[in-house]
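Engineer: Chains A and B, in that order, give the protein sequences.
If you use my numbering, the first sequence corresponds to residues 1081 to 1431, in order.
If you use my numbering, the second sequence corresponds to residues 376 to 656, in order.
Here you go, one structure.
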Amino acid sequence: MKTITIEMSQWAAGIAKLKDAYRVWSPVRENDYHVFKELNKDALPDLDFSNTRLSAKQAIYPQTQKMFEYTLDESRPDHHIMHEAPDTTGPQAVIGIRPCDAAAFLLVQKNFNTPQYKDPYWVKAYEKTTLVGLACNNPCSTCFCTSAGGGPFDEKGLDVLLVADKDQYLAKVLTDKGAKLLDAAGFKDEADAAGAQVTIDALREKADAAINSEIATDQLGAQETLTLYDAPFWEEVAFACINCGTCTYLCPTCWCFDIQDEVRGHNGVRMRNWDSCMFPLFTLHGSGHNPRDTKIHRVRQRFMHKLKYFVDKYDDGIQCTGCGRCVRACPVNIDIRNVCNQMNRFGTCPA
Amino acid sequence: MENPYLPYPVRIDEVITETEDKNLKTFKFVFLNESDETKFAYRAGQFAELSVTGKGEIPIGIASSPTEKGFVKFTVNKVGLVSSELHNMQAGDIMGIRGPLGNSYPWDVLEGKNVVIIGGGFAFTTLRSSIIHMLHPDNRAKFGDIHVFYGARTPGMLLYRDELAAWEQRDDINVHITVDSTDDPNWKYNVGLIPPLAEEKAPPGDADTYAIVCGPPIMIKFTQPVLDNLGYDHDHIIMSLENRMKCGIGMCGRCNIGKDFVCKDGPVFTLAEINTRPKEY
């Protein structure tokens, strides 16, 4: 596939044109942080960021989402019968998503798009989304994507990879979807592919070298589930945890949700909301019994799910892309890199 | 794309109060659209999400048998928001059911085998489904001896009392009913707990005999050593687990024991399988 050159002078006009055909999501600055927002008419992406505070998952998987509508008005013939909430949204583009967040959708897809069941809300939203990635020229100290199956220039799950090079973007077209988007934006200046690749490779090597933390995952699959589950280190890992749920909230690969009915007058909706394994209510039985009633249970569930159960279930790596958000945001400094390494080496001779 | 969260609309056809404490009611549902009944083809041991419009959904084992046509039945304990609302509903009311969900009892494995059913309290619903299924004239020859052990606190707390009495009269099924205690002078069945009764009357374990055990944790805890003594291998002891659920299709993330979801990979597991997973149920 080809590579397109986008001069900074073309950028604003291209994004404006893109909004005619797509809803455009992109990082914008809010106070001290960058967050993904759906851009209004005049807004431009702010791509001067290391990574957004929250992941881009909300573009495909909103924090709260209407599933069904119904009426409780018994004079209506369809009272108490659920109807799918109409979906009127068209194609959307996420501009400036980091490779770690794009790769996360591929992991989450394993949960929502299965041979037996398809979650129509997630699957349809993912299908109509074009992901325009932004390669990380300057990764953070908390990034560990290169040992989590990706990298700062990883193309997995992306439709276009933008590489910032001096005062231009090199836009590497990765899929037909991506080509269509660049076309819609009017970005057409084809670069010399070989020359562009040399530039991209040089920047990539520099970025790869800047990742200075890593995790070891090679033994996770071989570990015995119950041995790992009963490992003594969980008490230490969970000791400081306050079960605030921040880690799951901002994680690009956390997908757990709750379903709730809400009624106003006679009109009701059934909706789903992000939920978190950090909360006791997540697993509380009606009887009062709770199978994960201590924070050790809950902290262990989060790490075992990402780093053991997922590994065993899909045999395709860990459920983490190394974005490092949970490391940065945890109020008590629980670090998934340390936990992963402890899990990986558990039971082996320290020498 | 089919929406696996969309319930089939149903009408409550009948509500039966099962127990003397009035906390257990059986709801008989009829599908509003006849074609939905065909789509809801199920096996004994599966469950469904009962959707009370405006309140939410609860996962409940299917108490009717696939051999019973024209309706589906669920017996519901009154516990929380949705089940309490359901207990206030009446024949004629409209709601939804979503399913069938989960894996069911392993009927392919059980074919040609002796089946020992051990149930306690209100965990007898999918066991009723299984018994009706096995006793059906089309199916009875597919199984060896059938034993049923069923206990409740008092005679008035037993579910499906008329059916129990009828099964007790048959010679193609061995039914052992017991209650923890009773002051009823006319009580003609056993008095005492399930484990000693099973120890005395259950057939010994062998390659051709499977036990299906459903009941409160305390019953399961004291029944397992009995089955061990009787020689049941752990892959011949079948259990149905419960956990808090929302989606019922393995997506919402809360009901897992290790890598398996109780809703999608279960709720039925062998004891051998359960032993290799975290006890988070």
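All C-beta atoms, glycine included, are put in the ideal place defined by N, C-alpha and C.
Spatial neighbours of GLN1299 of chain A within its chain, please: C-beta separation below 6 Å, excluding the five flanking residues on both sides.
Structural biologist: Once the five neighbours on either side are set aside, the close Cβ partners of GLN1299 of chain A are ASN1424.
Engineer: Please confirm if MET470 of chain B has its CB atom under 8 Å from at least one CB of chain A.
Structural biologist: Closer than 8 Å to some Cβ of chain A, the Cβ of MET470 of chain B qualifies, so yes.
Engineer: By the criterion of Cβ-Cβ separation under 8 Å, what are the contact partners of LEU381 of chain B in chain A?
Structural biologist: By Cβ distance, chain A contributes PHE1148, MET1162 and GLU1164.
Engineer: In this structure, how does DSSP classify ILE649 of chain B when only helix, strand and coil are distinguished?
Structural biologist: It is helical.
Engineer: Run through DSSP, which three-state label would ASP1355 of chain A get?
Structural biologist: Note: ASP1355 of chain A maps to coil in three-state DSSP.
Engineer: Checking contacts by CB at 8 Å: is LEU1152 of chain A closer than that to chain B?
Structural biologist: For LEU1152 of chain A, the answer is yes, since a Cβ of chain B falls inside 8 Å of its Cβ.
Engineer: With a cut-off of 8 Å on the beta carbons, I'd call ILE437 of chain B and THR394 of chain B a contact; round off their distance for me.
Structural biologist: So it is not a contact: roughly 19 Å between Cβ atoms.
Engineer: Take the Cβ of TYR1113 of chain A as the centre, count every other Cβ of all protein chains shown within 10 Å, and call the residue buried at 16 or more, exposed below.
Structural biologist: The residue is exposed, with fewer than 16 neighbouring Cβ atoms inside 10 Å.
Engineer: Can you look up ALA1431 of chain A in the DSSP assignment and give me helix, strand or coil?
Structural biologist: Bear in mind that the predicted position of ALA1431 of chain A carries a pLDDT of just 49, short of 50, making it unreliable; the figure below should be weighed with that in mind. Three-state result, ALA1431 of chain A: coil.
Engineer: Given that GLU432 of chain B touches chain A, what residues does it touch there, using C-beta distances under 9 Å?
Structural biologist: Those are ILE1339, ASP1341 and ARG1350, listed as they occur along chain A.
Engineer: Just how far apart, CA to CA, sit ARG619 of chain B and VAL385 of chain B?
Structural biologist: Cα to Cα, ARG619 of chain B sits roughly 24 Å from VAL385 of chain B.
Engineer: Determine the DSSP secondary structure at ILE437 of chain B, reduced to helix, strand or coil.
Structural biologist: Three-state DSSP puts ILE437 of chain B in coil, outside helix and strand.
Engineer: Contact check, HIS522 of chain B vs ASN565 of chain B under 8 Å by CB: the rounded distance?
Structural biologist: Their Cβ separation, rounded to whole angstroms, is 14 Å, which puts HIS522 of chain B and ASN565 of chain B out of contact at 8 Å.
Engineer: Does the distance from the C-beta atom of PRO379 of chain B to that of TYR1197 of chain A stay below 8 Å?
Structural biologist: Contact flag set, yes.
Engineer: Kindly indicate which three-state DSSP category MET1081 of chain A falls into: helix, strand or coil?
Structural biologist: In the structure shown, MET1081 of chain A sits in coil (DSSP, three-state: anything other than H, G, I, E or B).
Engineer: What residues from chain B crowd round CYS1357 of chain A, counting only those whose CB sits closer than 9 Å?
Structural biologist: Correct list: GLY628 and ARG629.
Engineer: Distance check for VAL1349 of chain A and THR1328 of chain A, CA to CA, integer angstroms please.
Structural biologist: The alpha-carbon atoms of THR1328 of chain A and VAL1349 of chain A are separated by roughly 25 Å.
Engineer: Please list the segments of the alpha helix (DSSP H) lying wholly inside the region 471-525 of chain B, counting only runs of 4 or more residues, in order along the chain.
Structural biologist: The qualifying runs are 482-485 and 500-510.
Engineer: Going by DSSP in three states, GLU409 of chain B sits in which element: helix, strand or coil?
Structural biologist: The answer is helix: DSSP assigns GLU409 of chain B an H, G or I state.
Engineer: If you scan the region 1156-1198 of chain A from start to end, which runs of the alpha helix (DSSP H) of 4 or more residues do you find wholly inside it?
Structural biologist: Within the region 1156-1198 of chain A, the complete alpha helix (DSSP H) runs of at least 4 residues are 1179-1192.
Engineer: If contacts are defined as beta-carbon pairs under 8 Å, then ILE472 of chain B and TYR607 of chain B qualify, I think. What distance do you get, rounded to the angstrom?
Structural biologist: Wrong, their Cβ atoms sit about 35 Å apart, outside the cutoff.
Engineer: Contact check, CYS638 of chain B vs ILE624 of chain B under 8 Å by CB: the rounded distance?
Structural biologist: Contact holds; Cβ gap of about 7 Å.
Engineer: Would the region 445-457 of chain B count as touching the region 509-520 of chain B if we require 3 or more Cβ pairs under 8 Å?
Structural biologist: No, the region 445-457 of chain B is not in contact with the region 509-520 of chain B.
Engineer: Using a cut-off of 7 Å between C-beta atoms, extract the partners of PRO1371 of chain A located in chain B.
Structural biologist: Those are ASN618, GLU655 and TYR656, listed as they occur along chain B.
Engineer: Beta carbon of HIS1346 of chain A, beta carbon of MET470 of chain B: below 8 Å?
Structural biologist: For HIS1346 of chain A and MET470 of chain B, no; Cβs fall outside 8 Å.
Engineer: Give the residues of chain A in contact with MET532 of chain B, contact being defined as C-beta atoms less than 8 Å apart.
Structural biologist: The premise fails here: MET532 of chain B is roughly 16 Å from chain A at the closest Cβ pair, so nothing lies under 8 Å.
Engineer: Is the beta carbon of GLY1397 of chain A sitting closer than 8 Å to the one on GLY1229 of chain A?
Structural biologist: Yes, Cβ-Cβ distance for GLY1397 of chain A and GLY1229 of chain A is below 8 Å.
Engineer: GLY633 of chain B touches chain A at which residues, Cβ-Cβ below 7 Å?
Structural biologist: Correct list: THR1305 and TYR1389.
Engineer: Less than 8 Å between C-beta atoms, sequence neighbours within five positions excluded: which residues of the same chain meet that for LEU568 of chain B?
Structural biologist: Excluding residues within five positions, the ones whose Cβ falls inside 8 Å are GLY526, THR553, ASP555, MET594 and PHE597.
Engineer: Can you list, in chain order, the residues of its chain with a C-beta nearer than 6 Å to that of THR1255 of chain A? Leave out the 5 residues immediately preceding and following it.
Structural biologist: ASP1239, listed in sequence order.
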